[in-house]
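Student: Using the working numbering, the first residue of the sequence shown is number 855, and each one after it goes up by one. Glycine is no exception: its CB is placed at the ideal position from the N, C-alpha and C atoms.
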Amino acid sequence: MQPSELLDLIRQALNLTSDYQVEKKLGFSQGCVSCWRRNVSFPKNAVLIQFAKILQMNAGILMIYGLEWREKDVEAKEQIGQLINAIHHAKFDDDFIDSHV
């Protein structure tokens, strides 16, 4: 996932139509949001936790996307991508999830 894709998800979840609205609603600088829009940087983990709450998802998933995005080593990046794919295709029942919370 690219930072710009994550930004689009946040805009959609909050029913916002512009990056400027994201800046104002969530208190981010124009520079931060611009870097995410241009895929120059990935949001830090503290921001990903905030985004996960907005998206009603596990912050760890967004953190793994950040890890993949930041990784420079091609082989390591590929391994992280495989982990992301495995997570997306995994089927966990409620008992498994409850026992690992």
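Under the rule that 16 or more other beta-carbon atoms within 10 Å means buried, what is residue 860, buried or exposed?
Tutor: Position 6 of the sequence shown, counted from the start, is the residue given in the question as residue 860. Buried: at least 16 other Cβ atoms inside 10 Å.
Student: What first and last residue would you give for the alpha helix (DSSP H) that runs through residue 907?
Tutor: Residue 907 sits at position 53 when you count from the first residue of the sequence shown. Where residue 907 is concerned, the enclosing alpha helix (DSSP H) stretches over 899-909.
Student: Anyone know if the C-beta pair for residue 893 and residue 920 falls short of 8 Å?
Tutor: Taking the first residue of the sequence shown as position 1, residue 893 is located at position 39. Taking the first residue of the sequence shown as position 1, residue 920 is located at position 66. Taking 8 Å as the Cβ cut-off, residue 893 and residue 920 do not qualify as a contacting pair.
Student: Determine, using beta carbons only, whether residue 857 and residue 888 come nearer to each other than 8 Å.
Tutor: Here residue 857 corresponds to residue number 3 of the sequence shown, with the count starting at 1. Here residue 888 corresponds to residue number 34 of the sequence shown, with the count starting at 1. Not a contact, by the Cβ cut-off of 8 Å.
Student: Could you check whether the region 902-911 touches the region 863-880, counting it as contact only if at least three pairs of C-beta atoms, one from each stretch, sit closer than 8 Å?
Tutor: Yes, the region 902-911 touches the region 863-880.
Student: Alpha carbon to alpha carbon, what distance is there between residue 918 and residue 881?
Tutor: The residue labelled residue 881 in the question sits at position 27 within the sequence shown. The residue labelled residue 918 in the question sits at position 64 within the sequence shown. Whole-angstrom Cα-Cα distance: 24 Å.
Student: Could you pull out every residue in the same chain whose Cβ sits closer than 8 Å to the Cβ of residue 871, ignoring the five residues on either side in sequence?
Tutor: Position 17 of the sequence shown, counting from 1, holds the residue named residue 871. The answer, listed in chain order, is 865.
Student: Compute the Euclidean distance between the alpha carbons of residue 913 and residue 925, then round it to the nearest angstrom.
Tutor: On the sequence shown, residue 913 is found 59 positions in, with the first residue counted as 1. On the sequence shown, residue 925 is found 71 positions in, with the first residue counted as 1. Roughly 18 Å between the two C-alpha positions.
Student: In terms of alpha-carbon separation, which member of 874, 891, 915 and 903 lies closest to residue 944?
Tutor: For the purposes of this step, residue 944 is identified with residue 90 of the sequence shown, where counting begins at 1. Looking at the Cα atoms, 915 is the closest of the given residues.
Student: What's the C-alpha gap between residue 855 and residue 897?
Tutor: Residue 855 sits at position 1 when you count from the first residue of the sequence shown. Residue 897 sits at position 43 when you count from the first residue of the sequence shown. If I take the Cα positions, the gap works out to 12 Å.
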